[in-house]
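Here the sequence shown stands for residues 854 to 960, where the numbers follow the working numbering.
Heads up, the beta-carbon is just placed ideally off N, CA and C, and yes, glycines get one too.
Values in this document were obtained by computation on a predicted structure and should not be read as measured data.
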Amino acid sequence: MTTRPNVPGEPTQTGTALLETATGAIQSFAPINKIHEHQCAFHFYAYDMTRQVESHHFCSHQNEEMRQCLIYDKPDAEGRLIGVEYMISENLFLALPDEEKPLRHLR
């Protein structure tokens, strides 16, 4: 049985773990398998710019101007998904509507 710290709920039962292993062998993880880049960065809390959190971006290239990243709080098996981010080129950024630009940043 697997227990994850700070995650509410009952621990994973042995039967569930076995089912996950079996289905993992026959399911496609094609989008996840496209991830080939790991970046470590620091993100500031939106409501408190004096606080920051270490973040680990696991990214796939969508094309030359865009990366799609899953953001985790740790780089290991205990890491929790804390966000999704699209990193875009300056060219794509400049093409955004002005009201959307404050919500984005460049790669």
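Residues bridged to asparagine 1014 (per DSSP): In the structure as shown, the chain begins at 854 and stops at 960. Residue 1014 is therefore absent and cannot be evaluated.
Methionine 854 (DSSP reduced to helix, strand or coil): Reliability fails at methionine 854, whose pLDDT of 47 lies under 50, so the model's placement of it is uncertain and the value that follows must be treated cautiously. In the structure shown, methionine 854 sits in coil (DSSP, three-state: anything other than H, G, I, E or B).
Around the Cβ of histidine 889, are there at least 16 other Cβ atoms within 10 angstroms (buried) or fewer (exposed)? exposed
With H, G and I counted as helix, E and B as strand and the rest as coil, what does DSSP make of phenylalanine 897? strand
Checking the sheet assignment: what are the DSSP bridge partners for methionine 940? Arg920
Apply the 10 Å Cβ neighbour rule to methionine 902 and answer buried if 16 or more other Cβ atoms are within range, or exposed otherwise. exposed
Secondary structure of isoleucine 935, DSSP reduced to three states: strand
Do you know whose CA, among Glu943, Gly936, Asn916 and Glu917, lies nearest phenylalanine 897's CA? Gly936
Cα-Cα, which of Ser913, Val906 and Met919 is closest to tyrosine 925? Val906
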